[in-house]
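Asks:
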Amino acid sequence: MSIRSYKRYGDKVKKRAEELRKGGKSYREIYEVFKIPKSTLSTWFGKKYPGVFDKKAQLNHLEKIRPLALKVLKKERERLDELLKKRVYQEIEEYPFNNIGFYKSILAILYWAEGGKYNNSPVNFANTDPKLAKLFITLLRKCYKVDEDKLRVRIHLHYYHNIKKSKKFWSSTLDVPISQFGKIYIKKRSKTKKFRKNFMGICFIRYHSNGMRKEIMELAY
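Per the working numbering, the sequence shown starts with residue 77, numbered consecutively.
1. If we call anything under 8 Å between Cβ atoms a contact, is I281 one with I231?
2. Are V222 and Q256 closer than 8 Å when you measure CB to CB?
3. Go through its chain and collect everything with a Cβ distance to K210's Cβ below 6 Å, but skip five positions before and after it.
4. Please classify F257: does DSSP put it in a helix, a strand, or coil?
5. Under DSSP, the alpha helix (DSSP H) around R104 begins and ends at which residues?
6. When you compare the CB positions of I213 and Y235, do they come within less than 8 Å of one another, or not?
7. What is the C-beta distance between L233 and I254, in whole angstroms, given that I count them as a contact (C-beta under 8 Å)?
8. In the DSSP assignment, what residue or residues form a beta bridge with K263?
9. Take the Cβ of G99 as the centre, count every other Cβ of all protein chains shown within 10 Å, and call the residue buried at 16 or more, exposed below.
10. Excluding the 5 residues flanking E294 on each side, which residues of the same chain have their C-beta closer than 7 Å to its C-beta?
11. Would you please state the rounded distance, in angstroms, between the beta carbons of R155 and F121? I believe it to be under 8 Å.
12. Quick one: what does DSSP say N174 is sitting in, helix, strand or coil?
13. Once DSSP output is grouped into helix, strand and coil, what is the label at G100?
14. Pull up the distance between the alpha-carbon of P113 and that of K88, whole angstroms please.
15. Starting from the Cα of S285, find the closest Cα among K244, R84, F201, K240 and give me that residue.
16. Quick one: what does DSSP say Y187 is sitting in, helix, strand or coil?
17. Give me, in chain order, the residues of the same chain whose beta-carbon lies closer than 7 Å to that of N196; leave out the 5 immediate sequence neighbours on both sides.
18. What do you get for G191, buried or exposed, if any count of 16 or more other CB atoms within 10 angstroms of its CB means buried?
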């Protein structure tokens, strides 16, 4: 069987197949290259390279190459992130920043998603994300003539929050004086529910103008 195989495939083919097997290639991978049956490959190399591709060898090989693979993946992610940032920045340069309608459209979409929509109610916006809350109030001030005295802020906190620090944080983020903050709601500790400890509570922004809310909603719809 072995002698016939040598004659059928030739020494050059067998030598090349042996190099691939020695390098860790599976019988299936070698078959894909030379169309040599697995049974023939096993006859040739089964005793000479018994541990080249066994499970233990695979695990050891994976353990060795894992750090390198992670490094390559990280580098590729960083490259793709840079390409994405570059593309986004190029696109942003074409935005109509001098058009107030552009800002009003963003404000309307934001309010449609997170704002209060009850009839005859003032402007109400609630969110846990400080950046989103800041974006909302910044757009509100840019798009409309806001009477700062009509702005009110209310925050809902969990039992572990420091009230004084939380007020100071939201006051600084929104540029609204603490004197315009309403009563703080504290959620009691639950024996079953787990609370996130990496956020600053829920922030409610209110501006007392039903007309402004109606206009924003008209733009949104």
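Glycine included, every Cβ here is placed at the ideal spot set by N, Cα and C. None of these values were measured; they are calculated from a predicted model.
Replies: According to the structure data:
1. no
2. no
3. T249
4. strand
5. 103-110
6. no
7. No, L233 and I254 are not in contact; Cβ-Cβ is about 14 Å, not under 8 Å.
8. H234
9. exposed
10. none
11. Between F121 and R155 the Cβ distance is about 39 Å, and since that is not below 8 Å, they are no contact.
12. coil
13. coil
14. 17 Å
15. F201
16. helix
17. N286
18. buried
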